[in-house]
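Okay, so here's the structure we're looking at.
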Amino acid sequence: MAWSRDEMAARAARELKDGFYVNLGIGIPTLVANFIPRGMTVTLQSENGMLGMGPFPYPGEADPDLINAGKQTITELAGSSYFSSADSFAMIRGGHVALSILGGMQVAQNGDLANWMVPGKMVKGMGGAMDLVAGVGRVVVVMDHVEKSGAPKLLERCSLPLTGVGVVDLLITDLGVFELEGGSETVSLTELAPDATIEEVAAKTQARFSIALK
Amino acid sequence: MSTKLRHDAGQALEGLLFDGMSIMSGGFGLCGIPENLIAAIRIAGVKDLTVISNNCGIDDFGLGILLAGGQIRKMISSYVGENRLFEQLYLAGELELEFNPQGTLAERIRAGGAGIPAFFTATGVGTLVAEGKEVRAFEGRNYVMERALTADVAIVKAWKGDCEGNLVYRKTARNFNPVMATAGAVTVAEVEIFVEPGELDKDAIHTPGIFVDRIFQGAAYEKRIERVTTRPRDASETH
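In order, the protein sequence lines correspond to chains A and B. Following our numbering, the numbering of the first sequence begins with 3 at its first residue and continues without gaps. Following our numbering, the numbering of the second sequence begins with 17 at its first residue and continues without gaps.
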């Protein structure tokens, strides 16, 4: 069985460390918040201007002045703070955020990431993704291993316009976990999802990778 | 005696609007947007606007109503995914679009307000965003030069404000408002609650009044929510 969305999020949560300031992207990365280990202090940064994101509000308690970067209503915690977009991206671009977990369209073996634009389709915009991958200490990408068409997404080179060059440190797909070394061409398969095989991963991957199962 | 206080949005924008002008508009999604000023610009009907704003509202609210009025020629934004009309106009070639990474957008505005003409950032190096721009290496890493942004008028929304133009924002409705307040040739602020001098805690003012030229209390606030998201109450928590 390949990993489900929740299982991918749970695996991504194992990259968290006590005391980390973390930015979670939209989609599967948002689910990572549900898997923060009990007793671990992780502070979630929302790039629209908040540290210490709390859970979704109870019905009837949504506050229009309190949303996350996905425009969902959220709540605050005792230690939360609010700030401007400029301060928010000073945190991100200044290297003060330890970890960014975000979605991807394509990842290349040299660590390039494409996740914002498909030529010929309406482009929604990159939002804060280019700032996050350029500024945050460690970048973890969570995505399906292949496209709906079956086309590989872990490639020798991205064919889509890039979000960042040589920025991906770790890739988690529904088939396994890959460590990358930004700038070099080194990709290592370090974990396999239950019942996924090296042969299946090889057949569904265009990038060159070595096997270093832990 | 000069005063910054105006009655309403129409009066606050008097003499400031013209075709082809640039307008900065605060807010993130529909959160913290200057609803009353956007409505007044819609009524004024000025056209060929360049609008600098992180997003472009939704079809029938926020900056979306200026799109519907055919008033916007160019948007400078980081994300416009919530607006179908935007997509139609853009694909029909009736709307120009400049995407900026969100942090680059915020920093360009901050630089504009602070008198800094340009800066270097690692964001966007090696991507479409850096095409045609100077790239320079500092201590072994490449950075792209980005230029400052200012506007003919900045429109911002705060929670509370006073006659000095001092502003306090509420929660994540702050977002782009404080930086944009610094970068307008003229800055117009609308507030939910207008307070008497001295009521605001002077140590907790987010935008000092020097950045604000005109201020008024908005007539009404709809404060629409784009995605109401809630969690169920646990049985154990409901008594």
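Where is the CB? At the ideal position from N, CA and C, for every residue including glycine. These numbers were taken from a predicted model, which means no experiment stands behind them.
8 Å Cβ cutoff, residue i in contact with chain B
i: residue 132 of chain A; result: yes
i: residue 64 of chain A; result: yes
i: residue 161 of chain A; result: no
i: residue 200 of chain A; result: no
i: residue 84 of chain A; result: yes
i: residue 104 of chain A; result: no
i: residue 2 of chain A; result: Because chain A is modelled from 3 through 216, residue 2 of chain A falls outside the range shown and cannot be assessed.
i: residue 91 of chain A; result: yes
i: residue 127 of chain A; result: yes
i: residue 139 of chain A; result: no
i: residue 80 of chain A; result: no
i: residue 74 of chain A; result: yes
i: residue 151 of chain A; result: no
i: residue 87 of chain A; result: yes
i: residue 195 of chain A; result: no
i: residue 205 of chain A; result: no
Within-8 Å CB hit, residue i to chain A
i: residue 93 of chain B; result: yes
i: residue 173 of chain B; result: no
i: residue 241 of chain B; result: yes
i: residue 144 of chain B; result: yes
i: residue 19 of chain B; result: no
i: residue 255 of chain B; result: Its pLDDT being 41, under 50, residue 255 of chain B is placed unreliably by the model, and nothing is read from it.
i: residue 156 of chain B; result: no
i: residue 140 of chain B; result: yes
i: residue 244 of chain B; result: yes
i: residue 137 of chain B; result: yes
i: residue 249 of chain B; result: yes
i: residue 236 of chain B; result: no
Bridge-paired residues (DSSP) for residue i
i: residue 74 of chain A; result: B:243
i: residue 173 of chain B; result: B:206
i: residue 32 of chain A; result: BP columns for residue 32 of chain A are empty, so no partner.
i: residue 21 of chain A; result: In DSSP, residue 21 of chain A forms no bridge with anything.
i: residue 169 of chain A; result: None, per the DSSP bridge assignment.
i: residue 90 of chain B; result: B:66 and B:112
i: residue 40 of chain B; result: B:68 and B:170
i: residue 46 of chain A; result: A:24
i: residue 84 of chain A; result: A:52
i: residue 105 of chain A; result: A:144
i: residue 158 of chain B; result: B:153
i: residue 77 of chain B; result: B:74
i: residue 213 of chain A; result: A:191
Cβ separation of residue i and residue j, assumed to be a contact under 8 Å, to the nearest whole Å
i: residue 228 of chain B; j: residue 205 of chain B; result: 5 Å
i: residue 8 of chain A; j: residue 46 of chain A; result: That belief does not hold up - the Cβ atoms of residue 8 of chain A and residue 46 of chain A are roughly 18 Å apart, past 8 Å.
task = Below 7 Å between beta carbons is the criterion; list the residues of the region 187-217 of chain B that meet it against any residue of chain A, in chain order.
result = 187, 188, 189, 190, 191, 192, 194 and 195
ask   = When Cβ atoms are compared, which residues of the region 40-57 of chain B fall closer than 8 Å to chain A?
value = 44, 45, 46, 47 and 48
task = Could you pull out every unbroken beta strand (DSSP E) segment of at least 3 residues lying fully inside the region 175-241 of chain B, listed in chain order?
result = 200-210 and 230-233
key: Contacting positions in the region 115-130 of chain B - beta carbon closer than 9 Å to chain A   = 115, 116, 117, 118, 119, 120, 121, 122, 123, 125 and 126
ask   = Taking any Cβ of chain A, which residues in the region 82-114 of chain B have a Cβ under 9 Å from it, in chain order?
value = 93, 94, 95, 96, 97, 98, 102, 103, 106, 107 and 113
request  = For the region 157-185 of chain A, enumerate the residues whose C-beta is nearer than 9 Å to any C-beta of chain B, in chain order.
outcome  = 163, 164, 165, 166, 167 and 168
Residues within the region 41-70 of chain A neighbouring chain B, beta-carbon criterion of under 9 Å = 48, 49, 50, 51, 52, 57, 58, 59, 60, 61, 62, 63, 64, 65, 66, 67, 68, 69 and 70
task = Scan the region 7-34 of chain A for residues whose Cβ lies nearer than 8 Å to a Cβ of chain B and list them as they occur along the chain.
result = none
query = Quick one, which residues of the region 99-123 of chain A are near chain B if we go by CB-CB under 7 Å, in chain order?
reply = none
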